[in-house]
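The sequence shown: position 139 = 138 (numbering that gives the first Met the number 0), numbered continuously.
For each residue, glycine too, the CB sits at the ideal point set by N, CA and C.
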Amino acid sequence: MDGRIRGVAGVVGCNNVKITHDWGHVEMVKELIRNDVAVLQTGCSAIACAKAGLMRPEAASLAGKGLREICEAVGIAPVLHVGSCVDNSRILLAAVEMVNEGGLGDDISDLPVAGAAPEWMSEKAVSIATYFAASGVFTVIAEPFPVMGSKVVREYLTKGMEEDLGGMLAFEKDPIKAAHLMIDHINKKRQALGLAEMMYDPVEAPARAAVPAT
Ligand code: SF4
């Protein structure tokens, strides 16, 4: 609320042979944390970022100044592991607590949060991304679901759904562009909630750097 953490992202899902292994996950998560977005992870995405050292407290050095301050004060990493890929409901429970305990907004769709599956592959990921969006979370998928041949289904998932359910999907293969779709959405929700301006200018965030050696 005070503008040190911009928002929270759930970055989850598989690896995919169409994308260099782990690249989508690691690059997206590094871009999110350097823009002060705390990240919750599950499944193979969590393992990708753990291997890259992003789940160690030292990874706070890759975060923007606001998120880094919180991580250093509490002694946590900017990227947290919350379970296997079938535990994504835990991320939604965290969002529910942001509304109930934190008093932010009236619904998950009011929150400065977003979801992503940068390398999804399995059918399970299709159902998880859909229930995230149907629960009110803006969710970015890399490789589009095989719905692009249907204008009606594609437009409902990527536009109309938001009006009915508060959340929707976006398809973006570039993990940095996808991260910025999420950051733009988080900024929009912060503005709608009347939250404080971010405490630190994003230009103060560290330049993108190699992850700490594991
Ligand atoms: S469905 Fe399989 S590949 Fe995808 S995140 Fe879960 S365990 Fe990993």
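Which word fits residue i, buried or exposed, when buried means at least 16 other C-beta atoms lie within 10 angstroms of its C-beta?
{"i": "T138", "result": "buried"}
{"i": "S51", "result": "The question names Ser, but residue 51 is Ala in the sequence shown. So A51 ends up on the buried side."}
{"i": "D200", "result": "exposed"}
{"i": "S44", "result": "buried"}
{"i": "E154", "result": "exposed"}
{"i": "V7", "result": "buried"}
{"i": "L39", "result": "buried"}
{"i": "T213", "result": "Low local confidence applies: a pLDDT of 47 at T213 is under 50, so the model's placement there is unreliable, with the coordinate-based value given in what follows. Under this definition T213 is an exposed residue."}
{"i": "T41", "result": "buried"}
{"i": "E30", "result": "buried"}
{"i": "D35", "result": "buried"}
{"i": "G9", "result": "buried"}
{"i": "E122", "result": "exposed"}
{"i": "V151", "result": "exposed"}
Nearer than 8 Å: is that true of the beta carbon of residue i relative to any heavy atom of the ligand SF4?
{"i": "K17", "result": "no"}
{"i": "K123", "result": "yes"}
{"i": "N218", "result": "This structure leaves residue 218 out entirely; the chain is present only between 0 and 213."}
{"i": "C48", "result": "no"}
{"i": "M97", "result": "no"}
{"i": "G82", "result": "no"}
{"i": "G42", "result": "yes"}
{"i": "V146", "result": "no"}
{"i": "W22", "result": "no"}
{"i": "M0", "result": "no"}
{"i": "V25", "result": "no"}
{"i": "V11", "result": "yes"}
{"i": "M181", "result": "no"}
Is it the case that the Cβ atoms of residue i and residue j are separated by a distance below 9 Å?
{"i": "A124", "j": "G166", "result": "no"}
{"i": "G114", "j": "A128", "result": "yes"}
{"i": "H24", "j": "A47", "result": "yes"}
{"i": "V73", "j": "I185", "result": "no"}
Report back the beta-carbon spacing between residue i and residue j to the nearest angstrom; my notes put them in contact at under 8 Å.
{"i": "L164", "j": "L156", "result": "Their Cβ separation, rounded to whole angstroms, is 11 Å, which puts L164 and L156 out of contact at 8 Å."}
{"i": "M0", "j": "P174", "result": "About 28 Å; that fails the 8 Å criterion."}
{"i": "I107", "j": "G135", "result": "4 Å"}
{"i": "I182", "j": "E118", "result": "I182 to E118, Cβ: 19 Å. No contact."}
{"i": "M197", "j": "R5", "result": "6 Å"}
Task: Uninterrupted alpha helix (DSSP H) stretches inside the stretch 7 to 52 (no shorter than 4 residues) - done: The stretch 7 to 52 contains, as complete alpha helix (DSSP H) runs of 4+ residues, the segments 22 to 33 and 42 to 50 (chain order).
- [ ] Note down, one range per segment and in chain order, each beta strand (DSSP E) of at least 3 residues found wholly within the stretch 61 to 128.
- [x] Counting only runs of 3 or more, we get 78 to 80 and 112 to 116.
TODO: Pick out the complete beta strand (DSSP E) segments inside the stretch 128 to 184, 3 residues or longer, and give them in chain order.
DONE: Within the stretch 128 to 184, the beta strand (DSSP E) runs of at least 3 residues that lie entirely inside it are, in chain order, 137 to 140 and 168 to 170.
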